[in-house]
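Anchor point for the sequence shown: position 37 equals 37 in full-length UniProt numbering, and the numbering is continuous, going up by one each time.
Don't be surprised by glycine CBs; every beta carbon is placed ideally from N, CA and C.
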Amino acid sequence: MTTFQEAPALQERPDPRQSIQLRPPTSEDGAPVHNLIRKSAFLDDNSLYCYLAICTHFSQTSVVATMGEDIVGLVTAYIPPEQPDTLFVWQVAVDTVAQKQGLAGRMLNAILAADACKAVKFVETTVTSDNAASRAMFASLARRNDCGIDESVMFDRQTHFLNLHDTEYKLRIGPLSKDTLDGEQK
Ligand SMILES: CC(C)(COP(=O)(O)OP(=O)(O)OC[C@H]1O[C@@H](n2cnc3c(N)ncnc32)[C@H](O)[C@@H]1OP(=O)(O)O)[C@@H](O)C(=O)NCCC(=O)NCCS
1 MTTFQEAPAL QERPDPRQSI QLRPPTSEDG APVHNLIRKS AFLDDNSLYC
51 YLAICTHFSQ TSVVATMGED IVGLVTAYIP PEQPDTLFVW QVAVDTVAQK
101 QGLAGRMLNA ILAADACKAV KFVETTVTSD NAASRAMFAS LARRNDCGID
151 ESVMFDRQTH FLNLHDTEYK LRIGPLSKDT LDGEQK
């Protein structure tokens, strides 16, 4: 079985004095992105291969935030083939060094302002009932767009997770008002 040495990014802290830049992820970001996810509370840690695939195939609908050489923020998202008007946000993570400074909102806006999202009118995501920060972040997105949030069960604890994971509730936000985006390009 392949094992990995603990990456330096898990021990070293980014310098908060450096400004934060946004850009689409590349395949080389897969490993640092995986490390950021592993440090984040509430997020499921998937395989490195999974993040390599996401950074490669969904780079136009995902974003990384960098502070110098370090990745301090990430949004992975995609447009489901059957729902061309919807951006499905899979994971959002912000390093503790950069939290509560509007970075998550800035990253979501950057993706929604990208060419790949021209037809997008709704954002969907899933959240557990106890993730207050995530719920606040998507409530803030709805407020900025002056639209509502519909909530329903997407993946149920018993039916889908074999009782091993809390129920994931789908939040459907929209219709978005594109002019409220700040137009930040990745
Ligand atoms: C959720 C998370 C991505 C938010 O990132 P962030 O950059 O700190 O968020 P922002 O600064 O853009 O804040 C967005 C909104 O959420 C609110 N918020 C952020 N963190 C919060 C917290 N811990 N508790 C309550 N509200 C919070 C902010 O006040 C803001 O609301 P406002 O626009 O009404 O002022 C970050 O806390 C994180 O990485 N958490 C761990 C992983 C996770 O839970 N990801 C989401 C599930 S995919």
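Under 8 Å between C-beta atoms of G68 and A98: G68 is not a Cβ neighbour of A98, given a cutoff of 8 Å.
Measuring CB to CB, does I111 end up less than 8 Å from A77? Taking 8 Å as the cut-off, the beta carbon of I111 is found closer than this to the beta carbon of A77.
Bridge partners for G148 per DSSP, in chain order? G174
Who does F155 pair with in a DSSP beta bridge? E168
C-alpha gap between R172 and S140, whole angstroms: 13 Å
At a cut-off of 7 Å, would you count M154 as near ligand 1, judging by its Cβ distance to the nearest heavy atom? No - ligand 1 has no heavy atom lying nearer than 7 Å to the Cβ of M154.
Quick one: does the C-beta of G148 sit closer than 7 Å to a heavy atom of ligand 1? no
Along the chain, where does the beta strand (DSSP E) that runs through T66 open and close? 63-67
Residues in its own chain within less than 7 Å of L48 by CB, not counting five upstream and five downstream? G30, A31, H34
Please report the distance separating the alpha-carbon of R23 from that of V63. 6 Å
Hey, would you say V123 sits closer than 8 Å to V89, going by beta carbons? yes
What number of angstroms, rounded off, separates the C-alpha of Q91 from the C-alpha of Y51? In a straight line, the C-alpha of Q91 is about 11 Å away from that of Y51.
Note down, in chain order, each residue of its chain lying with its Cβ closer than 8 Å to the Cβ of T167, except the 5 sequence neighbours on either side. Apart from the 5 residues on each side of it in sequence, T167 sits with its Cβ closer than 8 Å to the Cβ of T128, S129, V153, F155, D156, R157, F161 in its chain, given in chain order.
For the alpha helix (DSSP H) that G105 lies in, which residues bound it at each end? Residues 103-112.
For I20, collect the residues of the same chain with a Cβ closer than 6 Å to its Cβ; drop the 5 residues on either side in sequence, then sort them by chain order. A65, M67
Quick check: what's the CA-CA separation for I54 versus I71? Taking the straight line from one Cα to the other gives about 16 Å.
Quick one, are the C-beta atoms of N163 and F42 less than 8 Å apart? no
Within 10 angstroms of its Cβ, does P80 collect 16 or more other Cβ (buried), or is it exposed? exposed
Range covered by the alpha helix (DSSP H) that runs through T76: Run containing T76: none in the alpha helix (DSSP H); it sits in the beta strand (DSSP E), 70-78.
Any heavy atom of ligand 1 closer than 7 Å to the Cβ of V92? Of the heavy atoms belonging to ligand 1, at least one sits nearer than 7 Å to the Cβ of V92.
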